[in-house]
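Reviewing the structure listed below.
Number of protein chains: 2
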Amino acid sequence: MPNIIDGSLPVVQARTAILTCMDDRVDPMKLLGLPPGDAHVIRNAGGRATDDAIRSLVVSVTVMEKPEIFVIHHTACVMGWVTNEQLRNLARRKSRIDVSQLDFLAFTDLDESVREDVSKITSSSFIDDSVVVTGYVYDLSSSQLREICRR
Amino acid sequence: MPNIIDGSLPVVQARTAILTCMDDRVDPMKLLGLPPGDAHVIRNAGGRATDDAIRSLVVSVTVMEKPEIFVIHHTACVMGWVTNEQLRNLARRKSRIDVSQLDFLAFTDLDESVREDVSKITSSSFIDDSVVVTGYVYDLSSSQLREICRR
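The structure is reproduced here in C-alpha cells:
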C-alpha cells in the first residue's frame with residue numbers, strides 16, 4: 002500500500018500478520034511459504050494475544066491493503082510446560098529477582114490457548130470484523146501445522 | 002539449560018534474546034549470524050520495550066543459561082514515519098474504527114528510540130543487572146548494523 006499518508010510513507014508490501022512464539026525453532030515465514038518482505042511477524046513468549054500484540058496487529062491491519070492474521074502456537078513450548086508459579090520460583094532462585102507481580106501467561110492446554118488468543122483478536126474492538134484470523138498449532142516433531150480455528 | 006524444573010522441561014538451547022520490529026525485512030538471526038534454535042526473538046511494531054516485551058525477556062533470562070539481549074530497530078520503519086495521530090486517522094478512515102485510546106508508540110528519532118528501549122530494559126526491576134543489553138540500528142539500504150549503546 003504505497004503513499005498512504007502523504008507520499009512519504011515507505012511502501013508496505015506485507016500482506017500477512019503473524020502472531021507466534023519467540024522460540025525461533027518456529028520459522029513462520031517458512032511454515033506459511035511466504036517470501037521475505039511479505040509479513041509482519043509479532044512474537045512474544047507463547048505467541049499470546051496481549052494488548053501489545055494487538056497494538057502491533059492494529060498497525061498491520063491499518064497499513065496493509067487486505068491483511069490476514071495467523072496465530073501459531075507450538076508443541077514443546079516452555080509456556081505450556083511451566084506454570085506462572087514455577088517461572089516465578091525459578092527467577093527468584095536464579096537472580097533473586099521478585100517477579101511475583103508478573104503474569105507470564107503460561108497455559109496448560111495448547112489447542113485452547115490458540116482458541117483463546119484468536120478469540121481475543123476477533124473480539125477486539127480495534128480489529129475490523131472483516132479480517133480473517135486463523136489459529137494453528139505447529140508440531141515441532143512432525144513439522145506439521147494443524148488448523149485449530151478460523152474466523 | 003536442561004531439566005530446570007523437574008526433569009520435564011524441554012531443553013532450552015537458546016542463548017540470545019532479540020527484541021526487534023515486526024517488519025520481516027529485518028532478519029535478526031541472519032544479521033547476528035545465529036544458527037536456528039539459538040535465540041528467542043521478540044517482535045512488535047517498532048521493536049519497542051513494552052511491558053509485554055519485558056515479560057518475554059524475563060522468560061528468556063530465566064530459562065537461558067547466560068543470556069544476552071539485543072535490541073534492533075531499523076531504518077524506513079513505519080513507526081518512525083508516522084505519528085500516533087496519523088495512524089489513528091488512517092485506522093478511522095479505513096475501517097471506521099476508533100483507536101483513539103491506543104498509543105502506537107511511534108517515534109521520531111530512530112537512534113533515540115533504541116536508547117530509550119535499552120534503558121527501559123536495563124532499568125526494569127525484573128531484569129538482572131548482570132545481563133548485557135546492546136542496542137542497534139539496522140540500515141535496510143546498506144544491510145549494516147550500527148551499534149547505538151550497550152550496558
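Protein chains in written order, with our numbering: chain G, 2 to 152; chain D, 2 to 152. Heads up, the beta-carbon is just placed ideally off N, CA and C, and yes, glycines get one too.
Item	Value
Backbone secondary structure at G:Leu20 - three-state DSSP	strand
Chain-ordered chain G contacts of D:Lys95 [CB-CB under 7 angstroms]	Thr63
Cβ contact check for the stretch 40 to 57 of chain D and the stretch 117 to 135 of chain D: 3 or more pairs under 8 angstroms	yes
CB of G:Leu103 within 8 angstroms of CB of D:Val59, strictly	yes
Spatial distance of G:Thr76 from D:Pro29 (CA atoms)	23 angstroms
Cut-off 7 angstroms between Cβ atoms - residues of its own chain near D:Arg44, not counting five sequence neighbours on either side	Thr21, Cys22 and Met23
Exposure of G:Arg89, with buried meaning 16 or more beta-carbon neighbours within 10 Å	buried
In DSSP terms, what D:Leu73 is bridged to	Correcting the residue identity first, residue 73 of chain D is Ile in this sequence and not Leu. Per DSSP, D:Thr21 and D:Tyr137.
DSSP state of G:Ala92 mapped onto helix, strand, coil	helix
Any C-beta of chain D under 8 angstroms from that of G:Arg33	The residue asked about is misnamed: residue 33 of chain G is Leu in this sequence, not Arg. Output row for G:Leu33: interface = no.
Within-8 angstroms CB hit, D:Phe108 to chain G	no
C-alpha distance - G:Arg151 paired with G:Val134, whole-angstrom precision	6 angstroms
Within 8 angstroms, strictly: CB atoms of G:Leu91 and D:Thr63	yes
Pair within 8 angstroms by beta-carbon distance, D:Leu33 and D:His74	no
Cβ separation of G:Phe127 and G:Ile55, assumed to be a contact under 8 angstroms, to the nearest whole Å	6 angstroms
Three-way DSSP call (helix, strand, coil) for D:Val79 in this model	helix
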